[in-house]
Amino acid sequence: MTAIILRRLLQAIPVLFIVVTLTFLLVRSAPGNPFSTEKKIPAEIMEQLEKQYDLHGSLRHQYLQYMGKVLHGDLSISTQYRNRTVNEIIAQTLPVSMVLGSSAYFLALVFGVTFGGWAAIRHNQWGDRSIMLTALLGLSIPSFVLAPMLVMLFALKLNLLPAYGWGSPDQIILPAICLSIPFAATIARLTRGSLLEVLQLDFIRTARAKGLSEDAVLFRHALKVAILPLIGYSGPAAAGILTGSIVIETLFGIPGIGQFFVNSALNFDPFMTSGVVIVFSVFLILFNLFADILYFVVDRRVKLE
Amino acid sequence: MAFSGMAKRRSRRILFTIGLITGLLVLFAGFFYFCGGWALSTPADLTICNGDEPQTLDPAIVTGQLEGRLCLALFEGLTTRNAKGDIIPGMAESWTISPDGLTYTFHLRPGTKWSNGDPLNAYDFLNSWERTLNPATASQYSYQLYYLVNGEAYGMGKLTDFSQVGVKTPDDHTLVVTLTHPTAYFLELTSFQTLCPVHLPTVKKYGTDWTKPGKMVSNGPYLLKTWRLNDYILLEANPYYWRPVPLPRIKVLPTSTSTACFNLFYSGKTDLIIDKSSIPPELVPDLKNEPYFHANPFGGTSFIRFNVKRKPFDDVRVRQALALALDKKDIVEKITRAGEPVATTLVPPGNASYTAPQGLGYNPDEARKLLAEAGYPNGRGFPDVNLLYAGRGMGTQMATEIQALWRRELGINSIHLRGQEWKVYLNTQQLIDFDLCVSAWVGDYNDPQTFLDMFVTGGGNNDTNWGNARYDEMLKTSESTPDVAQRMQILHDMEKILVVDEVPIVPIYFYVGMSLYHSDKLGGYEPNFVDDHRWGEFYLPGKKP
Amino acid sequence: MKSIHLFYRVVKKDALLVVCVLFLLAVLALAFVGIHFTGYTYDQISDASLLPPSHAHWFGTDANGHDLLTRILFGAQISLFVAAVGALVSLTVGVTYGMISGYAGGRIDSLMMRLVEIIYSLPTLVLVIVLVTSLDSPVANLLKSAGLTGVNPRLVLIVLFLGLTEWLTMARIIRGQVLVLKQQAFVQASLALGQSHVRILWRHLFPNLFGIIVVYLTLTIPAIMLDESFMSFLHVGLQPPLASWGTLVSDAAFLINPIRLYWWMLIFPGGLMTLTLLALNFLGDGLRDALDPRVRK
C-alpha cells in the first residue's frame, strides 16, 4: 500500500505543475491589466509596478520568476491587495472556508446517512418514496436558489437567524445547511442503495440465520460494507463542497477563500488566482488519497470477514 | 421482518455515533478558532460599511475612495478638513502664500508625535513626498506632486536629484513648497492622502508589511488595531493625535453588495453606510422618506464618451444629435433614482465662483434634424457600433436604458451593448477600443480644472481621441491667471467648446451622494462637494467633548 | 384486454416518468415557441420597473422594466442550449475515450483511467472559471477574424469547457461496459473473422451502449446546467444582454432586503429551474433503473 501512496503522490506533482502553469499563463495573457485604475497611469509608473511584481518582460520570464518563487513556498504578492502576500491571504481565509466546508460535510453525512438508512429500512413503503423524492429535490435545487429563499424566510421574515456575516456561531447555521443539502441528498441515495444491496447478500442471511439481533446485523455487518460507496463518494463530495462554498461565501459574506478567488480571477491577479488553484488542487489530491486509503482499508477488512 | 421493534436501540446507537462525530467536530472547530478562523465579533462605538476590502492602506499608493477614507482616518497631512469639508490646519498650524501664488510656507505644529512617540517634523514630509514621487514606489497618484517645481521630472525618473524639487525644509518645523504655476486648490491637495507623511523608519524596517496592525505607525486620529481580510477592520483612537478624538473605537466592514450593506444597517449591525454604491438603488424611492436617509450632491459626473476617430462619431452633427436625443430624466428617474440632477455640462455645480455654460438640453426634434443632415434619416444606414460599459452595479441597467432610449428617439437599431468586467473595461477604455463608452469622473478637489483638464489633446484620461488646440491654449492661459474671476471665465469658455460646440462627450447626470445613518446617533457628518467625511470628526450627539 | 392492462401497468409504474417527459417538452415548447406569444421581447424595457405579477406582466418585471416571463423563457433557451450542447460535447469525448480505453485494455487502459482519476481530483469548475475569463478576448478576436461576429465568445467557451468537465463519469461507465462486452461471443467471433477494430467498435459495440449513453446523457444535462448557472451567478459566466436562469436568479438574490420582497424575481426563475432539473434527474434515474445493466432490479 505504501507503494500506491507514493505513486499517487509522485503523480500529483506533474499534475499540479501543469495546472499552475496553465492558470498563470492564462491569467497573464488575458487583456485585463491588474493595475488599471480609472485615472490612467503613466507608462513609466506602470513599468515600475510591473518590475515590483516581477510581471515585467516576456511572458516566459515572468513565468519562470513565479515558478521559482513557488518552489520556495512563496506564492508572491497579490496585485490587487498590494501589501498582502498570497500566503498571508490564504492563511487568513482558508481556515474560515475549512470551518464552513467541514460543517457542511458533517451535516451532509449525518442527514444523509440517517435519512438514507431510514429509507432503506422502510423500503418500498411510503416513507422510502417520499425520502427519495425529497433527496432528488435536494439535488435539483441549486444552492443559490435555496439560500436566498431560506434567507428571506428565516432571516428577514422570521428574524431567527442572521442573513449575513461571520464571527458568531449563529452565523454559520444557514450557510452550512445550504451548502450541505445537495451532498446530503446524494449521500442519502447512496446509503439507501448500498444498504438495500447489502441487506440482501448471503452473509447477511447467514448472520440472521445464526440468530444475531437486527441491530448487530445492521451495525456490525451491513453498515461496514454499505459504507464503501460513501467513502468512494467523499472525494467528489469534497470537490463539490469546495466549489459550492464559493457561491455560499459570496451570498453570505463569509470571509473565506472562495470570494477571493472570484475577485482575483475577475481582476486578473495572476498570483492570487494561481495560489488558490494550487491550494484547492493540493487539498483535493490529498483528500482523494486519504479517501482511497480508507476505502482500501475498509475493503480489506470486509473481504477478510 | 420486524424492524420497528428494534427502533429504539437503533436510534440510540445512531445518537451515540452522532455524538461522537459532534465531539470530534467541536475539537476540530476549536482548532480552527485558535488558528484565527473564527474570531468573534468585537464591539465598537461606530460601525461603518465602507464598500469593499481595501487594497492597501499605504497612503502613497492608495487610489480608491474607500481606501482613501481609511487612510485619512489613520494619517493626516499638512491640512485637513472639518465636518463641513472646509480646509483647516492639520499637521501645519499655519501657512503663508506668496503674492504670486507660487510659494507656500507651512509652519508645523510643535510637539506633534507619531503613534509610537517619535516626534513628527518637516523632514517626515520631505522624505514621504520623495517616496511618493519616486518611480520605484510606483504610486499611481504621484502626479498630484507634479505641481511642485521639478516634481514631474523626478516622478518620471528624468531627474534623480530630489534636492532640485520644489520642497525644502529650512528647519525642523518649516516646509517651503514651490509650485510651477499658481494652483488655487493646492491646500486641498495637501489634505489628500497621497501627500500625507509616513513613518519612514517603519517602512524601511518592515517593507510592504508595514501597513499591518501592530506594525503601522501613524499620525492621524486613529490607529490600526485589527485588520481581518474581508471580515472587518478595527480602529482605535490615537492617544498621540494633537486633538481629542470623540469616538474611541470604529469598526469598518468591507461588505461589497449593496443589499447586504442595507440589511446590516436595517438590523442595526452597522451605523453608517457611507458610500452610495452600498445603497440598493431600487430601494431609494422607499428610503428617500426615511429620516436616516441623507442625500447630498457632490462633485462627480456620469457621461458617455465618443471615440471621435471612428465613424459615424467623427461627424460632430451625429454627436450633437445623440446628445440632444438622450432623455436623461428617464435615466435618473428610473435607473439611478437618487434624485440626481440631469447634467448638460461636465463640471458639477458646487463651486461658488464658477458659472457653467448653457449645455445641450433634451431636444429630440433638433436631434433628428441633425442626424438626417449627417446622412442617417430616422437612423437608417447607421453603422453597427458598440456601447462599452462596466457590468458592475447599475452599469448594465443604465447601458440597456441608454440603448433603448436612442432607439426610441432616433430609430437607431445598430447600437450593441458590450459589457465587460471592471478591470477589462478600464483597459479597453484606456486603449480607446470602443465606439461609445459609459464613463464617470469624480473630482479630486473643488475646482473645474479637475474635470476640464481631462480633455487636453492627448491627455492621459482623455480617451476620446478628441483634441482642440484652442482648448489646450485656454487651459494653459488659465493656469497662469491669478485673478479668480478671469480664470473662471476662461474655464467657462472652455467648457462651452467641450459640451456645446464639439461634444466629444455627452454628460448624463451629476452624482448625488447618499448615506444612511441616524442623526441622533451620529454627529459630525455633513454634506460637502468632495464627499470627504473625516472620521476624526465623528462624535455621538450629546457626548461631544 | 391484455395490452391495455400492460399499458396501464407501465403507465402506473412509470406515470411520473411520463409526466417528466411531458413537462420537459412543455418547457422546450414554451421556451422556443411560446416566447413569441408573450407580447414582449426579451430586451424590451419599460417604465414598469420591479412590479409584482399583474395582468400585464404575468411574472412581474425586473429593474429595467423587462417582462420577467419573457426573460425567463429566453433564459430557458440559453440554459437548455448550453446544457444540451455541452452534454453532447461531454458525450463525444466521454464515449470515445471510454470505448478506446475499454477496448484497448491492458496498459493503455490503466494509463487512460489513471488520467481520469487525476482529472477527477482537480477543482475543475475553478479551472473553468479561469479559462473562460482569460480566453474571452482571444476567442472574440478569433471569431471576428473568421467572420462569425454573431456568435458570442463566452457562450462558445462555456459550452466547450463545461462539456470537457463532465465527460469523466461517462468515460468510466462506457469503459466498464466495453470491458464486459468485449468478452462476449459475437465480438470474439468478429475478431476471429478479421474485422477491423474500428468496425467492431462502431458496428457491434456502439449499438449495445446506446441505452447507457442515453441514461448518462440525461444525467449530464442537469449537471452542466447547474455548472453554467453557478458561473453565471458569480458573474463569470454569460454576460448581458444574454441571460440564462443563472443570471436571473443572481439578479434576484442580490436584491434581497428587508423592506421590499421581490419574491417573483427569485421564485419564478428559481422554481422553473428547479423543476426542470428535478424532471431531468428523475428521468435519468428512471432510465437508469430500466436500462443500466449494472443496476440490480
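Protein chains in written order, with the working numbering: chain A, 6 to 310; chain B, 64 to 608; chain C, 1172 to 1468.
Where a beta carbon is used, it is the ideal one built from N, C-alpha and C, also for glycine.
- Is B/A386 near the ligand MN, in the sense that its beta carbon is under 6 Å from a heavy atom of that ligand? By its list of ligands, the structure shown contains no ligand whatsoever, and the ligand MN lies outside what it can speak to.
- Given that a residue counts as buried once 16 or more other Cβ atoms are within 10 Å of its Cβ, and exposed if not, what is B/Y13? One cannot answer for residue 13 of chain B here, as it falls past the ends of chain B, which runs 64 to 608.
- Query: Any idea if B/E589 is buried or exposed, counting beta-carbon neighbours within 10 angstroms, 16 or more meaning buried?
  - Reply: exposed
- Message: Looking at chain B, is there any beta carbon in it that lies within less than 7 Å of the beta carbon of A/L54?
- Response: yes
- Message: Using DSSP's beta-bridge definition, name the partner residues of B/M577.
- Response: B/A358
- Task: Let me know the secondary structure DSSP gives C/I1427 once reduced to three states.
- Result: coil
- Quick one: residues in its chain with C-beta nearer than 6 Å to the C-beta of A/G4, no 5 flanking neighbours on either side, listed in chain order? Coverage of chain A is limited to positions 6 through 310, which leaves residue 4 of chain A absent and any answer about it impossible.
- Message: I need the straight-line Cα distance from B/N591 to B/L258, nearest angstrom please.
- Response: 21 Å
- Query: Between C/L1158 and C/T1336, which are expected to be in contact by the criterion C-beta below 8 Å, what is the C-beta distance as a whole number of angstroms?
  - Reply: A query on residue 1158 of chain C cannot be resolved here, the shown segment of chain C reaching from 1172 to 1468 and no further.
- Where B/D349 meets chain C, residues with beta-carbon distance less than 7 Å: I1430, R1431
- Item | Rounded straight-line distance, which links the Cα of C/N1235 to that of C/T1418 | 14 Å
- Item | C/F1178 (DSSP reduced to helix, strand or coil) | Legend: pLDDT at C/F1178 = 49, less than 50; position of this residue unreliable, value from coordinates given subsequently. The answer is helix: DSSP assigns C/F1178 an H, G or I state.
- First through last residue of the alpha helix (DSSP H) which encompasses A/N92: 91 to 126
- Item | Interface residues of chain C facing A/I146 [CB-CB closer than 7 Å] | T1445
- Are any of the Cβ atoms in chain B nearer than 7 Å to that of A/Q324? Lying outside 6 to 310, the shown extent of chain A, residue 324 of chain A is not represented and no answer is given.
- Message: Taking its Cβ as the centre, do 16 or more other Cβ atoms sit within 10 Å of B/E436, making it buried, or is it exposed?
- Response: exposed
- Query: For B/W504, which of helix, strand or coil comes out of DSSP?
  - Reply: strand
- Task: Can you tell me which of the three DSSP states B/G10 falls into?
- Result: The structure shown does not extend to residue 10 of chain B, since chain B is modelled only from 64 to 608, so the question has no answer here.
- Message: I'd like the list of long-range same chain contacts for B/K314, defined as Cβ closer than 6 Å, with 5 residues on each side in sequence excluded.
- Response: A107, T110, Y295, L297
- Enumerate in chain order the residues of its own chain whose CB-to-CB distance from B/I150 is below 8 Å, with the five nearest sequence positions on each side excluded. T142, T143, R144, L250, E251, S254
- Smallest Cα separation from A/L206: which of A/A231, A/F188, A/F149? A/A231
- Item | Secondary structure of B/Y602, DSSP reduced to three states | strand
- Scan the segment 403 to 487 of chain B and note each continuous beta strand (DSSP E) run of 3 residues or more that stays entirely inside, going in chain order. 448 to 453, 478 to 483
- Cα separation between B/R132 and B/A300? 15 Å
- Rounded to a whole number of angstroms, what is the C-alpha to C-alpha distance between C/A1254 and C/R1346? 23 Å
- Message: In chain order, what are the residue ranges of uninterrupted beta strand (DSSP E) at least 3 long that sit wholly in the segment 222 to 254 of chain B?
- Response: 230 to 234, 237 to 241
- For B/T143, the residue or residues it bridges with in DSSP: B/I151
- Query: So what's B/G86 in DSSP terms, helix, strand or just coil?
  - Reply: helix
- Span separating the alpha-carbon of A/D59 from that of B/G229: 33 Å
- On the three-state DSSP scale, how would you describe B/V569? strand
- Listed in chain order, which residues of the segment 78 to 99 of chain A have Cβ atoms closer than 8 Å to some Cβ of chain C? none
- Which of helix, strand or coil does DSSP assign to A/I136? helix
- Continuous alpha helix (DSSP H) assignments of at least 4 residues falling wholly in the segment 248 to 306 of chain B: 249 to 252, 263 to 269
- Query: The alpha helix (DSSP H) spanning B/I111 covers which residue range?
  - Reply: Premise fails: B/I111 lies in the beta strand (DSSP E), 109 to 112, not in any alpha helix (DSSP H).
- Task: Could you tell me whether any Cβ in chain A is nearer than 7 Å to the Cβ of C/F1332?
- Result: no
- Query: Near C/N1323, which residues of its chain fall below 7 Å by C-beta distance, leaving aside the five closest residues on each side in sequence?
  - Reply: L1413
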